[in-house]
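Here's the structure we're looking at; comments come further down.
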Amino acid sequence: MTLSKDPLLQPYRLRHLTLKNRIMSTAHEPAYSEDGMPKDRYRLYHLEKAKGGIALTMTAGSAIVSEDSPPAFGNLHAYADEIVPWLKKIADDCHEHGTAVMIQLTHLGRRTSWNKGDWLPVLSASPVREPAHRSFPKEIEEWDIERIVSDYAAAASRMQAAGLDGIEIEAYGHLIDSFWSPATNHRDDEYGGSLDNRLRFMNLVVDAVRQAVGPDFIVGTRMVADEDWDKGLSKEEGVEIARRLAGSGKIDFLNIIRGHLEHDAPLTKVIPIQGMAASPHLDFAGEVRAATKFPVFHAARIADVATARHAIAEGKLDMVGMTRAHIADPYIVRKIEEGREAEIRPCVGATYCLDRIYEGGGALCIHNAATGREAIVPHVISKSDGPRRRAVVVGAGPAGLEAARVLAERGHSVELLEATSEAGGQILLAARNPRRKEMIGIVDWRLSELERLGVPIHYNVFAGVEDVLAREPDLVVVATGGIAQNPALETGDELVVSSWDIIAGAVKPEGPVLLFDDNGAHSGMTAAELIARAGIELEIVSPERMFAPEIGGMNHVPYAKIFAEKNVRVTINTRLKSVRRDGNSLVATLCSDFSETASIERRVAQVVVEHGTVPMAELYLELKPLSRNLGAIDYKALIRRENPIAVRNPEGTFDLFRIGDAVASRNIHAGIYDALRYGVLF
Numbered sequence: 001m002t003l004s005k006d007p008l009l010q011p012y013r014l015r016h017l018t019l020k021n022r023i024m025s026t027a028h029e030p031a032y033s034e035d036g037m038p039k040d041r042y043r044l045y046h047l048e049k050a051k052g053g054i055a056l057t058m059t060a061g062s063a064i065v066s067e068d069s070p071p072a073f074g075n076l077h078a079y080a081d082e083i084v085p086w087l088k089k090i091a092d093d094c095h096e097h098g099t100a101v102m103i104q105l106t107h108l109g110r111r112t113s114w115n116k117g118d119w120l121p122v123l124s125a126s127p128v129r130e131p132a133h134r135s136f137p138k139e140i141e142e143w144d145i146e147r148i149v150s151d152y153a154a155a156a157s158r159m160q161a162a163g164l165d166g167i168e169i170e171a172y173g174h175l176i177d178s179f180w181s182p183a184t185n186h187r188d189d190e191y192g193g194s195l196d197n198r199l200r201f202m203n204l205v206v207d208a209v210r211q212a213v214g215p216d217f218i219v220g221t222r223m224v225a226d227e228d229w230d231k232g233l234s235k236e237e238g239v240e241i242a243r244r245l246a247g248s249g250k251i252d253f254l255n256i257i258r259g260h261l262e263h264d265a266p267l268t269k270v271i272p273i274q275g276m277a278a279s280p281h282l283d284f285a286g287e288v289r290a291a292t293k294f295p296v297f298h299a300a301r302i303a304d305v306a307t308a309r310h311a312i313a314e315g316k317l318d319m320v321g322m323t324r325a326h327i328a329d330p331y332i333v334r335k336i337e338e339g340r341e342a343e344i345r346p347c348v349g350a351t352y353c354l355d356r357i358y359e360g361g362g363a364l365c366i367h368n369a370a371t372g373r374e375a376i377v378p379h380v381i382s383k384s385d386g387p388r389r390r391a392v393v394v395g396a397g398p399a400g401l402e403a404a405r406v407l408a409e410r411g412h413s414v415e416l417l418e419a420t421s422e423a424g425g426q427i428l429l430a431a432r433n434p435r436r437k438e439m440i441g442i443v444d445w446r447l448s449e450l451e452r453l454g455v456p457i458h459y460n461v462f463a464g465v466e467d468v469l470a471r472e473p474d475l476v477v478v479a480t481g482g483i484a485q486n487p488a489l490e491t492g493d494e495l496v497v498s499s500w501d502i503i504a505g506a507v508k509p510e511g512p513v514l515l516f517d518d519n520g521a522h523s524g525m526t527a528a529e530l531i532a533r534a535g536i537e538l539e540i541v542s543p544e545r546m547f548a549p550e551i552g553g554m555n556h557v558p559y560a561k562i563f564a565e566k567n568v569r570v571t572i573n574t575r576l577k578s579v580r581r582d583g584n585s586l587v588a589t590l591c592s593d594f595s596e597t598a599s600i601e602r603r604v605a606q607v608v609v610e611h612g613t614v615p616m617a618e619l620y621l622e623l624k625p626l627s628r629n630l631g632a633i634d635y636k637a638l639i640r641r642e643n644p645i646a647v648r649n650p651e652g653t654f655d656l657f658r659i660g661d662a663v664a665s666r667n668i669h670a671g672i673y674d675a676l677r678y679g680v681l682f
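Here's what the structure looks like:
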């Protein structure tokens, strides 16, 4: 067997541990824990990456070492003895595939909320509030330091007992580096002032951990080496900290971070989202490696294989983190090894995964619905052991494309009918925002896969019943999507335009504009962004008590930035009641769900509305009486992963179901999940 010369596939020796290639998934918390334990969902998520060939999977974005560090987003309870057997299952399963397993340990410090867990006060080096979690921390006392150092040591011992290959001590926005940073350390005792003093707590933790686990267990740190902040830790001091840790003989690797994360805006500079620069801190991590001559790991939107390969080949990193990329496709390494790089499902930077975590939900990929659901739907689609079906899928939006892909992978004969001249559906609208153009990767990957699978796509076919029946299907999937709908107005429905009209360029915005967003998702915000960028006076009105609730904090950042820069007015708790024409202007009457008497008017040139979509259900309704199941779905069977279609009409010749926005207004992930969960049952 010829050994690969690909830099990414070369083994890496980290002390006694040989990592089989140079690709890793860095520590992150997918929020799959149950009662603070990494049970089956958590285990299967990491196991899938091991099956996909990754060298190292780092569990837990911050497993907490102390009870007074309450979980902010599903954190694992490293302080509890009962975590050991659960972690051992993960380690044993991943080791069977040659994948090393480590875990990140931390005390969250001020990066959590006091009203979670046991309602104990949060801590920091000094009582400096963190805006993101809104906590006013207590200044840590000597007795706190003593017990937390002991907690770190005890947690490290548990990880060693679980058979993990190592641990990573977190020093990035949490308790330890709150001592490092001048922004959060205002102390005048032996833990403040000089760099020696500010490192004292970290040194106590490392010494205690080493004493607990011995000299041979791998201990690294994920550390901020430059807060990129005029009042924070400087690059010079950060690199010096890296040098000292590397030279201590007690740390085995450095996982380098640049930036700070006290609220959402700087967080997106640390973890860039769609429309931001890719791999922005790679060169800096390489500088730290050159300065320390020490093993350096790093991850920050290194989403493509070419960049990862460059990072290793040029000696910038020893291990390259492709964390969100593995949420999109856990089989990256396998596909590289087998010469199938073109089949890697791309991370499109939508950051749906992280926004769900930070908003209190589990991590889900916007276009890989199997991630986080490994127990119920597969990443690798196997051939059906049932009869081969002749399937017609109507609609080439994300749901229809996914349905065609899954059914073809199952071995069925599939044809795809699309009413327009181009696949993509509403993603084509999303990608019209230059900042979100990467969304088209969701479409492009599926088109490439359908070409590989030999699925014909018939464009410019506005399918009617005859078009479907002419293909003699025994399975029909309706994925016709939805169209923009107006909110219910007392008067003036004919005077408003939709967010779609603005995004598509069908209507030119004329100011001043009032945009009423009764959906709180990307469509309304994209229209608002395009209007604001055009320099047009804009007010966004929402009936919600919080702004754009369907958009998470990280995706909120670029919208908020442009709205602030363009002086966009945002009004919440307010509903559009009616619109009337008055001369050359429109008068929008606004009311409140919280008051029966409140009423105000706005005189504008244009009213834009966003109220989700209404299903394009005509074809489905026409096909329904002709189908075997009359369109009915047994949801209990679907949830049990059994055939959800029963015969209700013996004279019918095909089974019928609809997916995505053809059912109801939802989002991209929902449509793709529909397609996958149904498709694998046939």
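Numbering of the sequence shown is given in full-length UniProt numbering, commencing with residue 1 and proceeding in unit increments.
We put the beta carbon where it would ideally sit given N, CA and C, even for glycine.
Note that the coordinates shown come from a computational prediction; the quantities given were computed from them, not determined experimentally.
Check: Quick check on the burial criterion: 16 or more other C-beta atoms within 10 angstroms. Buried or exposed for G386?; Outcome: exposed
Check: Looking only at its chain, what residues have a beta carbon closer than 7 angstroms to the beta carbon of P473, apart from the 5 residues adjacent to it on each side?; Outcome: R390, A391, V392 and F654
Check: Excluding the 5 residues flanking I302 on each side, which residues of the same chain have their C-beta closer than 8 angstroms to its C-beta?; Outcome: A278, S279, L282, A308, A311, V320, G321, M322 and A325
Check: Is there contact here, the segment 641–661 with the segment 536–554, by at least three beta-carbon pairs under 8 angstroms?; Outcome: no
Check: Between which two residues does the alpha helix (DSSP H) holding M616 run?; Outcome: Per DSSP, M616 belongs to no alpha helix (DSSP H) and is neither H nor E.
Check: Examine the Cβ distances between the segment 197–210 and the segment 147–162 and report whether three or more of them are shorter than 8 angstroms.; Outcome: yes
Check: Any idea if M62 is buried or exposed, counting beta-carbon neighbours within 10 angstroms, 16 or more meaning buried?; Outcome: In the sequence as displayed, the identity of residue 62 is Ser instead of Met. By the neighbour-count rule (16 or more Cβ atoms within 10 Å), S62 is buried.
Check: For I327, which of helix, strand or coil comes out of DSSP?; Outcome: helix
Check: The alpha helix (DSSP H) spanning D467 covers which residue range?; Outcome: V465 to L469
Check: Quick check: what's the CA-CA separation for A370 versus R666?; Outcome: 18 angstroms
Check: Find out if the Cβ-Cβ distance for the pair S135, V149 is shorter than 7 angstroms.; Outcome: no
Check: Tell me which residues share the same chain as E409 and place their Cβ nearer than 6 angstroms to its Cβ, disregarding the 5 neighbours each side in the sequence.; Outcome: I381
Check: For E539, which three-state DSSP category applies?; Outcome: strand
Check: Between H298 and L317, which are expected to be in contact by the criterion C-beta below 8 angstroms, what is the C-beta distance as a whole number of angstroms?; Outcome: 5 angstroms
Check: Under a Cβ-count criterion, where at least 16 other Cβ atoms within 10 Å of its own Cβ denotes burial, should T18 be classed as buried or exposed?; Outcome: exposed
Check: Tell whether a beta-carbon distance below 7 angstroms holds between S448 and G411.; Outcome: no
Check: Does the Cβ-Cβ distance between N519 and E610 come in under 7 angstroms?; Outcome: yes
Check: For the beta strand (DSSP E) that contains I103, what are its first and last residues?; Outcome: A100 to T106
Check: What is the rounded straight-line gap between the Cα of I600 and the Cα of K51?; Outcome: 60 angstroms
Check: Decide if the segment 223–230 is in contact with the segment 108–124; the criterion is three or more beta carbon pairs, one per stretch, under 8 angstroms apart.; Outcome: no
Check: For the 8 angstroms Cβ check, are there 3 or more pairs between the segment 497–508 and the segment 429–440?; Outcome: yes
Check: Under DSSP, the alpha helix (DSSP H) around V588 begins and ends at which residues?; Outcome: Note that residue 588 corresponds to Ala in the displayed sequence, not to Val. It is not in any alpha helix (DSSP H) - A588 instead sits in the beta strand (DSSP E) that spans S585 to S592.
Check: For a quick check, are the C-beta atoms of Q274 and A350 less than 7 angstroms apart?; Outcome: yes
Check: In the structure shown, what three-state DSSP assignment does S69 receive?; Outcome: coil
Check: Which whole runs of the alpha helix (DSSP H) in the segment 600–668 are 4 residues long or more, in chain order?; Outcome: 618–623 and 635–639
Check: State the Cα-Cα distance for the pair E262 and D444, rounded to the nearest angstrom.; Outcome: 36 angstroms
Check: Report the three-state DSSP secondary structure of K5 (helix, strand or coil).; Outcome: coil
Check: For S33, write down the residues that DSSP places opposite it in a beta bridge.; Outcome: Looking at the DSSP assignment, S33 forms no beta bridge with any residue, so it has no partner.
Check: Let me confirm a value: residue 684 is counted as buried when at least 16 other C-beta atoms fall within 10 Å, else exposed. Which label applies?; Outcome: Limits of the chain in this structure are 1 at one end and 682 at the other, which puts residue 684 out of reach.
Check: Using the beta-carbon count (16 or more within 10 Å), is G315 buried or exposed?; Outcome: exposed
Check: When you compare each of S25, F516, A470 and V394 to K577 by their alpha carbons, which one comes out closest?; Outcome: F516
Check: Which value, in whole angstroms, describes the spacing of the CA atoms of L469 and Y459?; Outcome: 17 angstroms
Check: With contact counted as at least three CB pairs below 8 angstroms, one residue from each stretch, are the segment 64–83 and the segment 22–36 in contact?; Outcome: yes
Check: What residues in its chain sit with their C-beta under 6 angstroms from that of residue 683, if we drop five residues either side in the sequence?; Outcome: The displayed coordinates of the chain run from 1 to 682. Any statement about residue 683 would go beyond what the structure contains.
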